[in-house]
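First comes the structure, then the notes that go with it.
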Amino acid sequence: YSLITQQPLGGRAQFGGQRFGEMEVWALEGYGAAYTLQEMLTIKSDDVLGRAATYEAILKGEKIKTPNLPASFNLLVSELKSLGISVEVKV
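The UniProt record's numbering applies: residue 1 is where the sequence shown begins, and numbers increase by one.
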């Protein structure tokens, strides 16, 4: 995973993940696969805490909890704050 964005690296040589682009997102949305889409964009991507919690839940046989905010969103908020733009997130 990238140290800055916490997203999977690209390319097979770096043991990276496959790209999940805009067209794939729209295709899953069109099929009504909201939970699969949420999993692909958070837990399997850059939700660091959610990834660890999901792994533990699978090992213990428990239900998987709701994903957290992605690390890329937190990076966006940090960059906006560096520009002097205040951002409030209500979850």
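Ideal Cβ positions, reconstructed from N, Cα and C, are used throughout, including at glycine.
- Under 8 Å Cβ to Cβ from Leu49, same chain only, skipping five residues before and after it: list those, please. Within the sequence shown, the letter at position 49 stands for residue 49. Excluding sequence neighbours, Leu49 sits near Asn68.
- Go to Lys60, then tell me how far its alpha helix (DSSP H) extends in each direction, as first and last residue. Numbered from 1 along the sequence shown, position 60 holds the residue referred to as residue 60. It spans 48 to 60 - the alpha helix (DSSP H) in which Lys60 sits, taken as one unbroken run.
- On the three-pair Cβ rule with 8 Å, is the stretch 71 to 88 touching the stretch 52 to 61? no
- Within the same chain, show all residues whose beta-carbon is closer than 8 Å to that of Lys81, passing over the 5 residues directly before and after it, in chain order. Working through the sequence shown from its first residue, we reach residue 81 at position 81. Once the five neighbours on either side are set aside, the close Cβ partners of Lys81 are Val87.
- Would you mind stating whether Lys44 and Ala53 have Cβ atoms separated by less than 7 Å? As a working mapping, residue 44 is identified with position 44 in the sequence shown. As a working mapping, residue 53 is identified with position 53 in the sequence shown. No; because the gap between Cβ atoms is not below 7 Å, this pair is not in contact.
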